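From first to last, the protein sequence lines stand for chains H and E. To convert, note that position 290 of the first sequence is 291 in this note's numbering; the numbers rise steadily by one, no gaps. To convert, note that position 38 of the second sequence is 40 in this note's numbering; the numbers rise steadily by one, no gaps. Please read the structure below before turning to the comments.
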Amino acid sequence: YQRRVRDRSARFPGSRTLPFQTHYPLSMADQLDCALDLMRRLPPADVEDNLAGLIDLAPDLTEDLLSAVDQPLKIAHDKAANRDYLLCDYNRDADSYRSPWSSKYDPPLSDGAQPSAPLRKLEVQMNEVFDIYRDLYFEGGVSSVYCWDLDGSNFAACILIKKTQDQSKKGQPMKGTWDSIHVIEVDDHKSKAHYTLTSTVMLSLETKNDATGKMHLAGSLTRREEKECPITPAASHIVNIGRLIENMEIGLRQTLETIYFGKTKSICSDLRSVLSKSELDARKQFSSEINRAVKK
Amino acid sequence: GINAEYGTREKRRESNTMAEPTAQELVDICNNFMLTAPPGEFMEVVTDIRGLLSNEALLNSSAPATFRQYNQEQMLAVQSPAGHKFLITEFGEVGDGQYVDPMGKMIVKFDHIKQAVVGQAGAAPAGGDEATRAAFDAAAQAYQADHYPDGTATVYAKGGKIIVCMQSSKYNPNNFWNGRWRAVYHCTVGAGGVEVRGNIKIQVHYYEDGNVQLNTDTNKNFKVAGGDAATAAKNTIDAIKKLEKAFQSSVEVAYATMGDTTYKALRRALPLTRSRIAWEKISSYRVGSNISK
């Protein structure tokens, strides 16, 4: 058995052709499609409750759902190492979680899953390197990297970052949370490697004041990227993976900005026009008069 | 080896001693999913839920009530036989699947599953202050036409109050987005003036390569001077226009604050050095060496 790297091929709602007179019950693959389609539509603010509800409705899908549905990352503390770390399905075994710093499970497990010794060495280096990355871009927050072995010298890793921001002023909350979940699969061909990266950033911003009432922007975007890179002393796995993830996050940050603060805002303007229809008509009239005057 | 055993280990978070959910709990989960469906995506959510259940007949008895609750809460806009659009709301419900169209002065038969008008059921019941209701309705319709490209307003006289309901929706599933604005104003019209208790909700869903939703919820209470029906109506709708404009502006200001301050404080666009990371340099640090931060 191998830890399944999540199949994060883009699932567009509406691309399923599921006629109403479908023969029930559906295959597990189709049921998983239904569950993932639901997670694309239900309020992102309720993602944890929604995932628990889905698992109750379709317990046979539990493993697939836990590995395919992103959730906001939880933080735990490694007392021995005196460092925080992040929890996800990839460092979980039964009900315990493995710290990337000590590699020990909490609560303790006598035979919890561990990466192989060489992979653990890489995992330690990746944790330190991405700790620097986190510091440079996030200036705070927590990061963790977990690796697991695949066939031969192939391996997978998840790189997690969580940052929260609280700028609440007296009586006016203003909070934000960023969760990065990068899962990378590495096909190692010694002098070169093929990397498949699936990245999700979850972003939540909320405020409340007398003027706006409660306002909550929540959600996530997912992207996928594949690349083949040579492996050289200057371009090791860590360098290749680092560059891929840095590029991916820069792109996602830009897209999030466009969607959150551009697109959703413009949809609000589509719902109600600040200008009255008579003002809009007057403007149209004015600009067509100018066009005529200019064309003369 | 250890990795080979990985897959056989129990993966459920909950311990094995936890009880299976009851049928009612499963129905409650499904109902909650349906009631939180984004605008324009209700049937997609229902189809997904049916596909997920091992026993899709589980919802047969509870579905009609859930469909009704959803349609009423969302104030679905439908076509009246009288030729205009009006809203399906709790205030207009007069019987099982029967809703008042106050402007058309008729009772309409509505099928919650089809989400469509399926007939008429006689004239609207008499009673209530029709003169005041009509004045508020005229002012609300004019306001709707002026500021809501795809909006619908329905005004009731009920329980001694004038209730102004306004809903505006935009659907664009081909571009993976939908949105809805809902506002309800309860107006107590008296000699001393009009007291209004209102609520505005906006929901926007964007879902290309992800799932992003805006939710706003605000209460707006105010009082304006009264007079005859037309004056009371004009003053009330003018005040609504003013507060909705201010609300919309404050939402834009909140967007700017979130984008310019909170978002930037979460993650920088680039490190302080203003250039991307030199990965060869930082990856060559030995593990355990003093990395200055």
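Just so it is clear, CB atoms sit at the ideal spot from N, CA and C, and this is done for glycine as well. Predicted model, so just to flag it, every value in this text is computed and none were measured.
Quick check on DSSP: helix, strand or coil for residue i?
| i | result |
| --- | --- |
| W149/H | strand |
| N223/E | strand |
| E227/H | strand |
| F93/E | helix |
| N62/E | coil |
| G192/E | strand |
| F139/H | helix |
| E64/H | helix |
| I109/E | strand |
| M77/E | coil |
| R17/H | Because R17/H sits at a pLDDT of 48, beneath the cut-off of 50, its placement in the model cannot be relied upon, and the following sentence gives the value as read from the coordinates. R17/H falls in the coil class under three-state DSSP. |
| I115/E | coil |
| D8/H | The pLDDT assigned to D8/H is 46, lower than 50, so where the model puts this residue is not dependable, and the model offers no usable value. |
| E7/E | Low local confidence applies: a pLDDT of 30 at E7/E is under 50, so the model's placement there is unreliable, and no value is given. |
| D211/E | coil |
| A231/E | helix |
| Y265/E | helix |
| V275/H | coil |
| N217/E | strand |
| H261/H | Note that residue 261/H is Tyr in the sequence shown, not His. The answer is helix: DSSP assigns Y261/H an H, G or I state. |
| V130/H | helix |
| V70/H | coil |
| G113/H | coil |
| R15/E | Below a pLDDT of 50, predicted positions are generally treated as unreliable, and R15/E, at 48, falls in that range; the measurement from the model is reported next regardless. Coil, per DSSP. |
| R42/H | coil |
| R93/H | strand |
| W179/H | strand |
| Y106/H | strand |
Take residue i as the anchor and find which of the options has the nearest alpha-carbon.
| i | options | result |
| --- | --- | --- |
| S56/E | D282/H, A59/H, G54/H, D96/H | A59/H |
| H86/E | K163/E, E197/E, T156/E | T156/E |
| D240/E | T24/E, Q169/E, A142/E, A267/E | A142/E |
| T38/E | D34/H, Q32/H, L43/H | L43/H |
| I202/E | Q169/E, A232/E, D98/E, N174/E | Q169/E |
| A185/E | F35/E, T49/E, F249/E | F249/E |
| R276/E | P109/H, L74/H, L137/H | L137/H |
| F44/E | N180/E, A144/E, A193/E, S63/E | N180/E |
| V191/E | A231/E, D152/E, F178/E | A231/E |
| G42/E | Q76/E, N62/E, T259/E | Q76/E |
| A67/E | N221/E, G53/E, H114/E | H114/E |
| G177/H | L198/H, F156/H, V202/H | V202/H |
| L1/H | G214/H, P45/H, P26/H | Residue coverage of chain H in this structure runs from 2 to 297, which leaves residue 1/H outside it and unanswerable. |
| C159/H | C89/H, Y106/H, V70/H | C89/H |
| S117/H | A157/H, D85/H, A82/H | A157/H |
| Y257/E | T220/E, S285/E, L216/E | L216/E |
| E49/H | A30/H, Q32/H, V70/H | V70/H |
Using a threshold of 7 angstroms, is the CB atom of residue i nearer than that to any non-hydrogen atom of the ligand FMN?
| i | result |
| --- | --- |
| A159/E | Although the ligand FMN was asked about, the structure shown includes no ligands whatsoever. |
Let me know if residue i comes out buried or exposed under the rule of 16 or more other beta-carbons within 10 Å of its beta-carbon.
| i | result |
| --- | --- |
| L253/H | buried |
| G141/H | exposed |
| M216/H | buried |
| H78/H | exposed |
| I242/H | buried |
| K297/H | exposed |
| K164/H | buried |
| Y173/E | exposed |
| K244/E | exposed |
| E246/E | buried |
| T19/E | Low confidence applies here, because T19/E scores a pLDDT of 44, under 50, leaving its location unreliable and the question unanswered by this model. |
| K209/H | buried |
Counting only the same chain and skipping the five closest in sequence on each side, list residues whose C-beta sits under 7 angstroms from that of residue i.
| i | result |
| --- | --- |
| A36/H | L55, A59, L62, L66 |
| A162/H | Before going further, note that residue 162/H is Ile rather than Ala in the sequence given. Within the same chain, I162/H has close Cβ partners R135, F139, G142, S144, S181. |
| K107/E | A125, A126 |
| A227/E | G195, N237 |
| F35/E | V47, I51 |
| Q81/E | K87, V119 |
| D94/H | Y106, L110, G113, A114 |
Leaving out five residues on either side along the sequence, give the residues of the same chain with a beta carbon under 8 angstroms from the beta carbon of residue i.
| i | result |
| --- | --- |
| Q100/E | I109, V110, K111, F112, A123 |
| N128/H | P101, W102, S144, S145, V146 |
| Y150/E | M168, S170, W183 |
| L272/E | R278 |
For residue i, which residues from the same chain have a beta carbon less than 6 angstroms from its beta carbon, with the 5 sequence-adjacent residues on both sides left out?
| i | result |
| --- | --- |
| I204/E | W183, T218 |
| N223/E | R199 |
| S154/H | D189 |
| Q168/H | M175 |
| A159/E | G130, D131, R135 |
In chain order, what are the residue ranges of uninterrupted alpha helix (DSSP H) at least 4 long that sit wholly in the stretch 200-259 of chain H?
Complete alpha helix (DSSP H) runs here, min 4: 238-258.
Length at least 4, wholly inside the stretch 125-208 of chain E: the alpha helix (DSSP H) runs in chain order:
132-149
What are the uninterrupted segments assigned as alpha helix (DSSP H) that are 4 or more residues long and contained completely in the stretch 20-55 of chain E, given in chain order?
25-37, 44-54
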